[in-house]
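Asker: Residue numbers (our numbering): 5 to 270.
Take a look at this one; I'll ask things after.
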């Protein structure tokens with residue numbers, strides 16, 4: 005009997021971890037409209053990561069809204085969904101009391117070590133109309149997702165909030181179209197350079213006849229342009245081509261001058 009009080013004394017400490025533990029899929033199971041989001045957390049193994057953490061907020065998206073991202077490869081999907089796990093506790097009241105009406109939130113994606121720049125952070129802003137909007141913290145990103153409602157909370161341990169749409173930072177998921185745009189950018193830049201090269205080409209033709217004109221060397225703006233003109237080193241074609249003409253003219257002039265001097269003097 006002497007040992008019984010000791011057992012009762014430690015019983016609350018044994019029960020405390022159970023009281024504070026959480027299971028995100030169990031919490032979402034109460035909401036059928038979030039079944040896809042819950043399944044994707046399991047598929048990407050983020051559910052177990054969420055369950056092992058404390059002081060966390062999950063930004064859940066309903067079945068209709070998550071469909072835009074559900075077709076992504078698993079590794080990309082994991083990055084996108086981990087951006088919806090904030091490493092701090094936020095409920096509705098805290099969102100509406102942001103310091104200076106805005107905050108940068110650190111996410112599970114940032115802690116993974118694979119997020120570059122500010123892709124692992126979210127921007128949460130309390131708008132003028134009282135609506136809290138969220139989006140990627142990458143500069144220039146729009147705040148397209150809105151806070152809808154609180155789904156479930158275990159105060160200061162885990163909060164599950166509904167937002168209106170999936171947040172995809174530039175370079176991930178649908179945002180991966182940005183790298184694909186770089187070839188198009190280079191192609192669109194090519195025509196803009198072509199007119200200047202074409203404009204430089206007539207200038208080289210018109211200024212090349214005067215051998216010692218200072219502009220004859222100016223059109224050779226790059227070795228590539230010079231090679232494109234004659235397939236020879238820059239500066240060589242115009243000087244060689246025009247050089248003999250200038251030299252023959254000078255020689256003829258000297259010959260005529262010499263003849264006249266002979267006729268008059270000797």
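Note that CB positions come from ideal geometry on N, CA and C, so glycine has one too.
Remember, it's a predicted structure, so these values are computed and weren't measured experimentally.
(1) Helix or strand or just coil, what does DSSP make of residue 30?
(2) Could you tell me which residues DSSP pairs with residue 153 in its beta bridges?
(3) Exposed or buried, which one is residue 164 when buried takes at least 16 other CB atoms within 10 Å?
(4) May I ask you to report which of helix, strand or coil DSSP gives residue 66?
(5) CB residue 59 to CB residue 160, shorter than 8 Å?
(6) Are at least three pairs of beta-carbons, each pair with one atom in the segment 102-122 and one in the segment 81-90, less than 8 Å apart?
(7) So residue 111 and residue 126 are supposed to be a Cβ contact under 8 Å. How far apart are they, rounded?
(8) Ends of the alpha helix (DSSP H) at residue 35?
(9) Given a cut-off of 8 Å on the beta-carbon distance, is the pair residue 162 and residue 149 in contact?
(10) My output table needs one value for residue 133: the three-state DSSP class, helix, strand or coil.
(11) From which residue to which residue does the alpha helix (DSSP H) around residue 115 run?
(12) Tell me where the alpha helix (DSSP H) around residue 83 begins and ends.
(13) Confirm, please, whether the CB-CB distance from residue 140 to residue 173 is below 8 Å.
(14) From which residue to which residue does the alpha helix (DSSP H) around residue 99 run?
(15) Assign residue 55 to one of three DSSP states: helix, strand, or coil.
(16) Whole angstroms are fine: how far does the CA of residue 25 sit from the CA of residue 53?
(17) In chain order, what residues of the same chain lie with their CB nearer than 6 Å to the CB of residue 51, ignoring the 5 residues before and after it?
(18) Alpha carbon to alpha carbon, how far is residue 64 from residue 143?
(19) Roughly how many angstroms lie between the CA atoms of residue 42 and residue 48, to the nearest whole one?
(20) Residue 2: which of 40, 55 and 90 sits nearest, CA to CA?
(21) Please report the straight-line C-alpha distance between residue 94 and residue 129, rounded to a whole angstrom.
(22) Determine the contact status of residue 154 and residue 96, defining contact as a CB-CB distance below 8 Å.
Answerer: The short version:
(1) helix
(2) 166
(3) buried
(4) coil
(5) yes
(6) yes
(7) 6 Å
(8) Where residue 35 is concerned, there is no enclosing alpha helix (DSSP H), given that its DSSP letter is neither H nor E.
(9) no
(10) It is coil, neither helix nor strand.
(11) 112-115
(12) 78-86
(13) yes
(14) Its alpha helix (DSSP H) spans residues 96-99.
(15) In the three-state reduction of the DSSP assignment, residue 55 falls in the helix class.
(16) 13 Å
(17) 28, 29 and 45
(18) 24 Å
(19) CA-to-CA, the gap between residue 42 and residue 48 works out to about 10 Å.
(20) In the structure as shown, the chain begins at 5 and stops at 270. Residue 2 is therefore absent and cannot be evaluated.
(21) 13 Å
(22) yes
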